[in-house]
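Counted from 1, the sequence shown has number 315 at position 277 by our numbering; the numbering is strictly sequential. Worksheet: one structure, shown below.
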Amino acid sequence: MVMVVRRPRPGSWWSGLAAGLSPVAFARHFWKLREVLATFARIEFLSRYHGAQLGLLWGLVSPLATLAVYTFVFSVVFKPSWAGGGEGGVAGYALILFTGLAVFEVFAGCVNRTPRLLSENVNFIKKVLFPLEILPVGILCAAVMESALSLLLVVLGVLVTTGTVHWTIVLAPLAYPALAMLTLGVCWFLAPVGVFLKDLGNIVGVAVQLYFFATPILYPLTAVPEPFRKLLALNPLHPVVDHLRRCLIFGQAPDWAALGWVTAACAAIMLAGYAFFASVKRLFADAL
Numbered sequence: 039m040v041m042v043v044r045r046p047r048p049g050s051w052w053s054g055l056a057a058g059l060s061p062v063a064f065a066r067h068f069w070k071l072r073e074v075l076a077t078f079a080r081i082e083f084l085s086r087y088h089g090a091q092l093g094l095l096w097g098l099v100s101p102l103a104t105l106a107v108y109t110f111v112f113s114v115v116f117k118p119s120w121a122g123g124g125e126g127g128v129a130g131y132a133l134i135l136f137t138g139l140a141v142f143e144v145f146a147g148c149v150n151r152t153p154r155l156l157s158e159n160v161n162f163i164k165k166v167l168f169p170l171e172i173l174p175v176g177i178l179c180a181a182v183m184e185s186a187l188s189l190l191l192v193v194l195g196v197l198v199t200t201g202t203v204h205w206t207i208v209l210a211p212l213a214y215p216a217l218a219m220l221t222l223g224v225c226w227f228l229a230p231v232g233v234f235l236k237d238l239g240n241i242v243g244v245a246v247q248l249y250f251f252a253t254p255i256l257y258p259l260t261a262v263p264e265p266f267r268k269l270l271a272l273n274p275l276h277p278v279v280d281h282l283r284r285c286l287i288f289g290q291a292p293d294w295a296a297l298g299w300v301t302a303a304c305a306a307i308m309l310a311g312y313a314f315f316a317s318v319k320r321l322f323a324d325a326l
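In structure tokens form, the structure reads like this:
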């Protein structure tokens with residue numbers, strides 16, 4: 039079911055940009071679209087496994103396979119030491135790694151798909167009055183659901199290896215607002231560009247791969263040489279990954295300062311991305 043909404047009155051590029059930068063207008067707009075957004079997110083999530091024999095289990099097969107390879111290479115072959123962890127050995131490193139992968143897959147899965155997102159949904163652009171800005175939100179919601187399943191495995195792994203679950207688990211969801219806002223901001227920037235630049239998908243694929251290695255997932259930040267450590271610490275995904283590892287694996291209190299600044303920074307990125315998307319979406323129909 040597709041909900042039909044009224045097309046906004048055409049305005050100047052600057053008026054669309056200014057309206058998109060208003061947090062109040064942003065919240066009010068998406069609250070009005072909550073029903074169609076929930077419907078689209080549900081369809082997006084279920085369509086990923088429609089007709090598959092294993093169903094939702096496929097959402098765990100890929101990260102588990104990647105986990106097995108990375109765990110063998112980096113904990114058996116290279117044998118890195120991870121400072122700050124209570125659990126040692128291959129099992130401890132696997133949990134640390136899997137937590138980082140669960141976070142990064144949300145970002146990477148959405149961003150890699152975004153350059154072709156509008157061209158894949160051209161019928162929404164040309165035939166019905168559809169709020170195009172919810173397309174990235176829908177794929178993000180589906181990715182977050184898969185991430186939650188992966189983190190559930192982390193919790194079970196901690197329970198098996200330590201015999202307990204840390205009380206800080208209740209604070210783990212605080213990482214997701216920053217992750218969601220960062221991902222949406224980047225997607226809203228890339229989706230319009232993908233309409234006009236057909237090679238964007240290839241460029242984004244390479245950039246995301248480089249970003250993966252620039253994020254402390256396979257290694258701790260303390261292993262980075264001092265001249266580069268402060269630079270990598272500015273990576274907005276680092277506080278998100280670190281927060282989940284603290285809360286789920288190490289049983290440590292969050293780094294509230296880091297969590298606060300990254301949430302504020304990601305909120306600014308999201309609003310800027312949405313403002314850009316809103317200001318140029320009137321051009322999509324002609325381009326497609």
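The beta carbon of each residue, even a glycine, is placed where N, CA and C say it ideally should be. Given the structure is predicted, the values throughout are model-derived calculations rather than measurements.
Proximity of the region 135-147 to the region 174-181 meets the contact definition, three or more beta-carbon pairs being nearer than 8 Å.
L269 sits in a helix when the DSSP states are folded into three classes.
Within 10 angstroms of the beta-carbon of D237 lie fewer than 16 other beta-carbons, which makes it exposed. Residue range R72 to S85 is occupied by the alpha helix (DSSP H) that includes S85. Scanning Y249, V182, L194 and W294 for the CA closest to the CA of A79 turns up V182.
The three-state secondary structure of P254, taken from DSSP, is coil.
In the displayed model, A291 falls within coil according to three-state DSSP, outside both helix and strand.
Note on geometry: alpha-carbon atoms of K164 and R151 lie some 21 Å from one another.
Exclusion of the five residues before and after P265 leaves no residue of its chain whose Cβ lies closer than 6 Å to its Cβ. Taking a C-beta distance under 8 Å as the contact criterion, F64 and Y257 do not qualify as a contact pair. Pairing V224 with D293, the inter-Cα distance amounts to about 25 Å.
A check of alpha carbon separations from A316 across A229, R284, V111 and G289 identifies A229 as the nearest.
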